[in-house]
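2 protein chains.
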Amino acid sequence: MNIGEIARRAGVSRSTVSYALSGKRPVSDDTRRKIQQVIDELGYRPNASARALANGRTNTIGLVFPPAGNHYTGMQLDFIGSVVEAAAAYDYDVLLSPSGVDSDRSFQRLLGERRVDGAILMEIRLEDDRVDHLAELGFPSVAIGRTAHPEGGWWVGLDHTALAAACVHHLADLGHRRIAFVNRPEQLLRAGYESAHRGLDGFTKAAAERGLTVRTYCCGDDAASGQACLERILHDDPATTGLVTLNEAALGGLYRGLAQAGRHVPRDFSVTGVVAGRWAETVTPQLTAADVPAEEMGRHAVDLLVERLDHPDGPSRHHLLAPPISLRASTGPATAS
Amino acid sequence: MNIGEIARRAGVSRSTVSYALSGKRPVSDDTRRKIQQVIDELGYRPNASARALANGRTNTIGLVFPPAGNHYTGMQLDFIGSVVEAAAAYDYDVLLSPSGVDSDRSFQRLLGERRVDGAILMEIRLEDDRVDHLAELGFPSVAIGRTAHPEGGWWVGLDHTALAAACVHHLADLGHRRIAFVNRPEQLLRAGYESAHRGLDGFTKAAAERGLTVRTYCCGDDAASGQACLERILHDDPATTGLVTLNEAALGGLYRGLAQAGRHVPRDFSVTGVVAGRWAETVTPQLTAADVPAEEMGRHAVDLLVERLDHPDGPSRHHLLAPPISLRASTGPATAS
DNA sequence: CGCTTCACGCGAACCGGTTCGACAACCGGA
DNA sequence: TCCGGTTGTCGAACCGGTTCGCGTGAAGCG
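Sequence order for the protein chains is C and H.
Residues 1 to 337 in UniProt numbering are what the first sequence spells out, letter by letter.
Residues 1 to 337 in UniProt numbering are what the second sequence spells out, letter by letter.
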């Protein structure tokens, strides 16, 4: 069942059916009604591939996300969900593309074979060849994250530097003098992940400003690693009274480590960081944290991409977000020890 | 840059280029080399829409997942990740389709417009019109979950009945006599979600078998609801000493409620349920639970779908999984009270 | 009444691939 | 030398839409 069949049954030509559907040329009410009736009767829908071939747009956007090998964090899930939902509102479908080790292959599929009109990139690195590559090609894309040279690019990012610094100031204001930083896994830091780098920067600078004694750690994205990391922290400096973390997935393990060391949160030890709000609330006591507005970021990314697709020659745009710290129950004044 | 351009530069016809690429007819080594050289030079890749139009296959599978309105659980994330990864291994892309309120619209896009060759459905209901609809159409699809009448269908499911029963027996063996069941939200139960129904069934029957006193609850998919639910449980029957849950997202809240009621896990109260292993380990004490093998299920679903696509006339297949309970630290003998 | 104007619909070309039938060149065997 | 079979290549048709240019009949106008 194709457009020719509809045309035949309605007693008109294929082009007339096409115009009746698209409205790009006037069609008399009579014929339009007749065509619509046949379409409803047969439940006809135009073939997406044929349409994409003819007018050069697939009405699909690609979402390039990290490989499953690493554990997913809740934040990534929220990104995916909100991107899909926002795209649906614009009548775009979302094609998932794992950007694994051989990111070239996946990229070739998306771009070279023209499967998508534009792309949204997650898990950005400070020096990101994917971003550079797309920029060179002039291919419409929006990054969720910000490279070291974001000027002139399209992105929506989180001000990790400021957020980590805010966490440090929060702890310093409470009187903490010896604190630790729990980062994402070392492998990601070495790969240049922007959140890991900027977060670390913000933490280090703010701590220096306040004259704090600090230690920084990398930690795997799971509970067991979090627990192990906390043991190292207390082993390296038992006088530590607080920590800042970017590592959502390790949070449960950090709490467990504290409980087993007999440190009560927040009486003996304060915990804070940058974490999606929904996850900050699952731990007890609930985490005082800068809540990552993942859903808002996903929506923004789609809005920007659609704008870029609709106005290819418009100026580049971006959003830099810096949500405030939500005070919950995991931080408190440093005890005189 | 298209196949005609390649043909021109290589001094051959378009069909020869096509055959050189597909290998469906012999091409002399000389011409093949010449063609390959031009292709490499120009970085040519065949247009996916054109190819899909010509041979009737998109090399894309649709993943129909629940709308973002409800919170996602970690399990769903694991499904998505493993499906994408498994599909990539077969050279399939994955198109995400939110099956929201107007699931018809999204379905029409996927099927009517022929965007995908097959589909994987998540969040199955006992009476699921999507499954029925696809079965009527003979459209290749695989369900992650099992309807009330799974005979002759393609699916990969979890034996929630058996798993919930196993949890009850585990608690009963430890001497618990009064236990509660914490289900998914009431809205989902009413909608007929299979895990909620079968889990409840398994719990109820096993409890009756063991002569236990039980209460069952529905609980929202977030920590606050979990905490509230636990308060209700202890209010309704303070002598309750254990619970079984399917609700991953509420788990943190349940623990918090217990802590605030002064019940120590596992000394005063035992907690168990059916939860993805990775999340069972984030809480303290770690949850004794039947670990949902989400990644394995996603892989199986893709395997089945690809088999169905390759052999449209083969007999239907399915996998019913029933992972054992992993003993961790959240259950213990009932205290004589 | 003859002329322009406009609304409407048609046919053909095109998007970029795949596939089928035909044909030329070459080979060995009778 | 002629014939039959291979091998390699080509042209044309096709997949199912969109879009451009043109023709036609009716309405508008002096």
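Quick reminder that beta carbons are idealized off the backbone N, C-alpha and C, glycines included.
Here Phe203/H is not near Ile144/H, since their CB atoms are 8 Å or more apart. The alpha helix (DSSP H) runs of length 4 or more contained entirely in the segment 231-313 of chain H are, from start to end of the chain, 251-260, 277-280 and 294-310. Pro185/H is positioned such that its CB atom lies no closer than 8 Å to that of Cys229/H. Exposure of Gln36/H is indicated by the presence of fewer than 16 other C-beta atoms within 10 angstroms of its C-beta. The Cβ-Cβ distance between Phe139/C and Pro98/C does not fall below 8 Å. Taken through DSSP and simplified to helix, strand or coil, Ile124/C comes out as coil. In the DSSP secondary-structure assignment, Arg215/H is bridged to Ala180/H. Contacts between Ser49/H and chain C, judged by CB atoms closer than 7 Å, involve Ser49, Ala52, Leu53, Thr58 and Arg114 in chain order. Listed along the chain, the chain C residues whose CB falls inside 7 Å of the CB of Pro98/H are Val84, Glu85 and Ala88. The alpha-carbon separation between Pro333/C and Ser270/C amounts to approximately 8 Å. Where Ser15/C is concerned, the enclosing alpha helix (DSSP H) starts and stops at Arg14 to Ser22. In the DSSP assignment, Asp93/H falls within the unbroken beta strand (DSSP E) covering Asp93 to Pro98. In chain order, Ile6, Arg9 and Ala10 place their CB closer than 7 Å to the CB of Val38/H, counting only its own chain and leaving out the 5 sequence neighbours on each side. Straight across, the Cα-Cα distance linking Arg14/H with Pro46/H is about 12 Å.
In this structure, Thr282/H places its C-beta atom within 8 Å of the C-beta atom of Ala223/C. In the DSSP assignment, Gly62/H forms a beta bridge with Leu95/H and Ala119/H.
The continuous stretches of alpha helix (DSSP H) do not include His149/H, and DSSP gives it neither H nor E. Here His176/C is buried: its Cβ has 16 or more other Cβ atoms, across all protein chains shown, within 10 Å. Trp279/H sits away from Gly118/H, with the two beta carbons spaced by 8 Å or more. Distance from the CA atom of Asp40/H to the CA atom of Gly152/C, rounded to whole angstroms, is 31 Å. In this structure Thr213/C is exposed. Its beta-carbon is surrounded by fewer than 16 other beta-carbon atoms within 10 angstroms.
Taking a cut-off of 8 Å for Cβ pairs, the segment 20-33 of chain C and the segment 83-91 of chain C do not touch, as fewer than three such pairs fall below it. Residue environment analysis places Glu136/C among the exposed positions, since fewer than 16 neighbouring C-beta atoms fall within 10 angstroms of its C-beta. Using a Cβ distance threshold of 8 Å, His318/H and Val156/H count as a contacting pair. Straight-line measurement puts the Cα of Ile120/C at about 22 Å from the Cα of Ser49/C. In the three-state scheme derived from DSSP, where H, G and I count as helix and E and B as strand, Ser28/H is classed as coil. For Ser195/H, the three-state secondary structure derived from DSSP is helix. In the three-state scheme derived from DSSP, where H, G and I count as helix and E and B as strand, Gly157/C is classed as strand.
Closer than 8 Å to the CB of Ala276/H there is not a single CB belonging to chain C.
Nearest in C-alpha terms to Val265/C, of all of Ala250/C, Leu243/C, Arg299/C and Gly277/C, is Leu243/C.
Considering only Val142/H, Thr60/H and Gly4/H, the residue with the shortest C-alpha distance to Leu95/C is Thr60/H.
The continuous beta strand (DSSP E) containing Leu320/H extends over residues His318 to Leu321. Distance check between Ser195/C and each of Ala52/C, Ala148/C and Lys205/C places Ala148/C closest, using alpha-carbon atoms only.
In the DSSP assignment, Val142/C is bridged to Ile120/C. Under DSSP, Ile325/C takes part in a beta bridge, and its partners are Ala290/C. Our two residues, Arg215/C and Leu126/H, have alpha carbons roughly 53 Å apart in a direct line.
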